[in-house]
Structure formats: C-alpha cells, structure tokens
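Next up, the structure:
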C-alpha cells in the first residue's frame, strides 16, 4: 500500500494558569483531519513547555 504523509503544526493556545495546551481544540482538529481520511502517526511538542505549537504527522492511503 502507498501512503501520503502530512506534517502540520496545530495552532492552539496554552491554558494560562497551567501552560497546558487546550486538549479539546487538539482533539477537534484531529477529528476533523480523521474525517478527511488522515490517520495520526505521531504527535510531538505536547510535553515540551517551550514548544510554541505541537506538530503532528499524519498519513492516508493513496
């Protein structure tokens, strides 16, 4: 099987008091991408408090 890959940076803000990313926004973005046929391969930057935006790698069959 052949795959198409996509890497994107999620445009989400951190919660003010905890500096955690807004997980509901990330969940909604991933669900939208899943509806388009994209499957999450990896998610980076969630545990790094200095990362500006989490990045995701996605794939879907060609």
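In our numbering, the protein residues as written are 1 to 62. Even glycine gets a Cβ: it sits at the ideal position worked out from N, Cα and C. Predicted model only: the values in this text are computed from it and were never measured.
Are residue 62 and residue 33 touching if we call contact CB-CB under 8 Å? Mapped onto the chain shown, residue 62 falls at position 62. Mapped onto the chain shown, residue 33 falls at position 33. Result no, Cβ atoms of residue 62 and residue 33 do not sit closer than 8 Å.
Tell me which residues share the same chain as residue 43 and place their Cβ nearer than 7 Å to its Cβ, disregarding the 5 neighbours each side in the sequence. Here the question's residue 43 lines up with position 43 in the chain shown. Cβ neighbours of residue 43 beyond the five flanking positions: 54 and 56.
From what residue to what residue does the beta strand (DSSP E) around residue 23 run? As a first step, residue 23 must be located in the chain shown, where it is residue number 23. Careful: residue 23 lies outside any beta strand (DSSP E), inside the alpha helix (DSSP H) at 23-35.
Residue nearest to residue 25 in terms of C-alpha spacing, selected from 10, 37, 36 and 35: Taking the chain shown and counting its residues from 1, the one referred to as residue 25 is at position 25. That would be 10, whose Cα lies nearest to the Cα of residue 25.
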